[in-house]
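Comments concern the structure below.
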Amino acid sequence: MATAPLAPPTPVARSARERSGAWPLADRIAYWACWATGIGLALLTLAIVVFMLVKGLSFLHPALLFESPSADIKQSATGGFLDPILGTLLVTAIGIAIAAPLGVAIAVWLVEYGRPAALARAVESSVEIVGGAPSIVLAIFGLGIFAQGFLAFLSQRAANGSVYGRSFFAAGIVMALLALPLIVGSTREALQALSPRLREGSFALGKTRATTIRHVLLPSVRPGIATGAVLGMGRIIGDTAIIKILLGGLRVETVGGVPVLGLLRGTGSTLTTYVYEFSPAGEGNAPQKAYFAAFVLLLMVLALNGVVTWLTLRQPGGELPRKRWMDLWRLSAWTR
Amino acid sequence: MPPPVRRIAVDRDPRVAPPRPSANGVATGAVALPLKTARAPAAVVRERMSLDAVWLAYGENWVVRDVSLPVRQGEVLGMIGASGSGKTTLLRALNRLTEITEGAARAGRIALDGQDIHELEVNDLRRRVTMVFQQPNPFPMSIFDNVAYALTEHPERGSRRRRRSGAMRDAVASALQRAGLWDEVANDVDRSALRLSGGQQQRLCIARALAANPEVMLLDEPCSALDPISTAAIEELIVELRESIAIVIVTHNLQQAFRVADHVAFMHLGELVEYGPSEEVFNHPRQQRTRDYVSGAFG
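Residue numbers (numbering that gives the first Met the number 0), protein chains in the order written: chain Z, 0 to 335; chain W, 0 to 298.
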């Protein structure tokens, strides 16, 4: 066998075509356009956060968080936005409480059963259509439904006997429609990503499909479900149209004397409608309060995004690896 | 492609016994298998399952053609053959796992203790004829819960406390002991099963399969993802278990088949080419195709 020459290998010269300077003009323009778009988008996001931060902080008044709003001619007497914060939390809670079990059930049915195929396809498309429908359309539809006489127990009757159709119930239920596709989607993806070996392993032990789903599959997709739920919450928190049409009010007003039911049948507002009302476009005309409320809203959504990132990065059965907090910070704003 | 068969044809290791001429006078020295250490035959050998002219198909393709075999308690049945020869499909048919694949069809009769397995309730059958897979597939729960899950007939009914009762703890410990995993995990059975090493995970899967006291255990290349030490541990376990359980093992590793199996079935393109005691199949194969395969000519 011949001995190999010991001369150092010569570096491979990069051809001229590999350097961007030698690219055709169209490619170069497209290349820089991509850069510009990416950086532009990042700057825009940064600008929104910084703008809200500066505006919000300059009007920062912690008392606003704990005062109820009130209608008054004098700006100083219009109070804070405790009620909108409570309203946001309440609507989100109702929406998720309905959407999460329903969404998981739909996803499990689609992935694990999905028979007859035509029905599965129909369910799939309906979920997609609901997911793509503008929320104002859902809101108007909801108003039509909840104003029906037999659903009066979900809202309240006006003096003339007509049903008001607006309540935390109504808004929360329609909000659930908004969150549903996200929960179905992420649960479904998680289920499909599970190795078939997991199912086979359980079947091979003589377990039924239902037992397998309940004890093996659902625990395995918990992060997927949680991700969908948190994305859904983000969607609910951010929606204005449904609140504007189906919640109607500013302060939280209860109906009747029953403690919880009265609250749920009552009306109120959320941060989104508060921002709208107090911005120059609305009736309240107190932009500084709107900015601060918008800042709080943004913080809530960013926090939720952080939670989503954390859930997605977390390894099943393990801890969040160290140094991943950097990713978390980096991704938190982009996960939507 | 199966893992490569080690061919030792030219320079023979002096420690390996010289080839014996086969019955028909053809030297069978193309493959040098380590001599099987003498082991006592099982006290009782009795037939548990029987396959009678079994044909299996996925859609239009017949992947198993006319196979008849006995599966006996007290001995290990090894199934060898190239990829796509239908070994795994045949194995999965034994506890009707083929049924979860769409378009699977079957002809012929498979019986467990004389009763057609298609007359048995499928989950009962799978409790009696359990299976361990190629890749370890522990469930994403604790070591304890992995085994306890197999033990509870209706996991949704027992409260958490009842699942942790003394009897359950003993049963889980005994299953882990039989699988040779107990000494390694006794102190932290509440750890996630996913944190175990590959070999430990596979033994956990065997413990899980053993927990419900099956009568037949099917192993589908249980060691193909494992290192030699874990493999040795599992092989030893398989040989021990054959006393109480009928064992069928599919393997691409001919040495492994030779080491653990009492009887070997060689399959090729869906057909059962040869079946017999492993010494005979490896040393004096009757069929040319078997001879080619065990000497590494194809597959």
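Glycine included, C-beta positions come from ideal geometry on N, C-alpha and C.
May I ask you to list the residues that DSSP assigns as paired with residue i?
i: W:Tyr57; result: W:Asn60 and W:Ala103
i: W:Val263; result: W:Gly77 and W:Gly275
i: Z:Pro68; result: Z:Gly78
i: W:Glu270; result: W:Arg64 and W:His267
i: Z:Thr266; result: Z:Glu252
i: W:Met216; result: W:Thr129 and W:Ile246
i: W:Pro69; result: W:Ser49
i: W:Asp115; result: W:Ala110
i: W:Val184; result: According to DSSP, which records beta bridges pairwise, W:Val184 is partnered with nothing at all.
i: Z:Arg336; result: Since the first and last residues shown for chain Z are 0 and 335, residue 336 of chain Z lies out of range.
i: W:Ser141; result: W:Ser191
Let's test the definition: count the other Cβ atoms within 10 Å of the Cβ of residue i and tell me whether it reaches 16, buried, or not, exposed.
i: W:Glu234; result: buried
i: Z:Cys33; result: exposed
i: W:Pro213; result: buried
i: Z:Ser336; result: Lying outside 0 to 335, the shown extent of chain Z, residue 336 of chain Z is not represented and no answer is given.
i: W:Asn186; result: exposed
i: Z:Trp309; result: buried
i: W:Gln255; result: buried
i: Z:Asp238; result: buried
i: W:His267; result: buried
i: W:Glu120; result: exposed
i: W:Val293; result: buried
i: W:Asp123; result: exposed
i: W:Asn252; result: buried
i: Z:Ser201; result: buried
i: Z:Asn159; result: exposed
i: Z:Ile38; result: exposed
i: Z:Leu118; result: exposed
i: W:Gly113; result: exposed
i: W:Thr97; result: buried
Excluding sequence positions up to five away, which residues of its chain have a Cβ less than 8 Å from the Cβ of residue i?
i: Z:Ile95; result: Ala175, Ala178, Ala228, Gly231, Met232 and Ile235
i: Z:Ser166; result: Phe145, Leu153, Ser154, Gln155, Leu245, Leu246, Val254, Leu263, Arg264, Gly265 and Thr266
i: Z:Trp324; result: Low per-residue confidence applies at Z:Trp324: pLDDT is 46, beneath 50, and the placement is therefore not dependable, though the value from the model is reported in the following sentence. So the list is empty, once near-sequence residues are dropped.
i: Z:Ile97; result: Gly171, Ile172 and Ala175
i: Z:Pro133; result: Ala240
i: Z:Val110; result: Arg187, Leu190 and Gln191
i: Z:Phe50; result: none
Are the beta-carbon atoms of residue i and residue j separated by less than 7 Å?
i: W:Val272; j: W:Val259; result: no
i: W:Asn94; j: W:Met130; result: yes
i: W:Val280; j: W:Val263; result: yes
i: Z:Val215; j: Z:Leu197; result: yes
i: W:Val247; j: W:Leu225; result: no
i: W:Ala178; j: W:Ile205; result: yes
i: W:Gly107; j: W:Trp54; result: yes
i: W:Val215; j: W:Val128; result: yes
i: Z:Asp26; j: Z:Val251; result: no
i: W:Asp65; j: W:Ser141; result: no
i: Z:Ile224; j: Z:Thr186; result: yes
i: W:Gly83; j: W:Phe265; result: no
i: W:Thr88; j: W:Val63; result: yes
i: Z:Leu270; j: Z:Thr87; result: yes
i: Z:Ile182; j: Z:Ala92; result: no
i: Z:Pro180; j: Z:Val103; result: no
Going by Cα to Cα distance, which pick from the options is closest to residue i?
i: Z:Leu249; options: Z:Glu199, Z:Ser124 and Z:Leu85; result: Z:Leu85
i: Z:Gly78; options: Z:Glu66, Z:Phe277 and Z:Leu89; result: Z:Glu66
i: W:Ala42; options: W:Ile244, W:Gln287 and W:Phe281; result: W:Ile244
i: W:Leu313; options: W:Ser294, W:Arg125 and W:Gln134; result: No answer is possible for residue 313 of chain W: it lies beyond the span of chain W, which begins at 0 and ends at 298.
i: W:Phe317; options: W:Gly269, W:Lys86 and W:Trp181; result: No answer is possible for residue 317 of chain W: the residues shown for chain W start at 0 and end at 298.
i: W:Asp51; options: W:Ala211, W:Gly295, W:Ala110 and W:Leu175; result: W:Ala110
i: Z:Leu101; options: Z:Ile172, Z:Leu312 and Z:Leu5; result: Z:Ile172
i: W:Ala208; options: W:Ser191, W:Ser173 and W:Ser196; result: W:Ser173
i: W:Met167; options: W:Val184, W:Asn145 and W:Glu183; result: W:Asn145
i: Z:Gln191; options: Z:Gln147, Z:Ala292 and Z:Ser219; result: Z:Ser219
i: Z:Leu301; options: Z:Trp31, Z:Leu52, Z:Leu24 and Z:Tyr30; result: Z:Leu52
i: Z:Phe149; options: Z:Pro68, Z:Val162 and Z:Leu137; result: Z:Val162
i: Z:Pro221; options: W:Tyr148, W:Pro139, W:Val44 and W:Arg288; result: For the record, residue 221 of chain Z in the displayed sequence is Arg; it is not Pro. Considering only alpha carbons, the answer is W:Pro139.
i: W:Arg202; options: W:Ser191, W:Leu175 and W:Glu220; result: W:Leu175
Hey, is residue i's beta-carbon within less than 7 Å of any beta-carbon in chain C?
i: Z:Ser219; result: In the structure shown, chain C does not exist; the protein chains are Z and W.
Kindly list the residues whose CB is nearer than 7 Å to the CB of residue i, restricted to its own chain and excluding five residues on each side of it in sequence; keep chain order.
i: Z:Leu89; result: Phe167
i: Z:Glu282; result: Glu276
i: W:Ser158; result: Because the pLDDT at W:Ser158 is just 48, under 50, the model does not fix this residue reliably, and the point stays unresolved.
i: W:Ser223; result: Gln133 and His251
Within 6 Å: the Cβ of residue i and any heavy atom of the ligand FAD?
i: W:Gln255; result: This structure lacks the ligand FAD, and indeed carries no ligand of any kind.
Within its chain, find whatever has a CB closer than 6 Å to the CB of residue i; leave out the 5 residues flanking it on each side and keep chain order.
i: W:Gly58; result: Gly102
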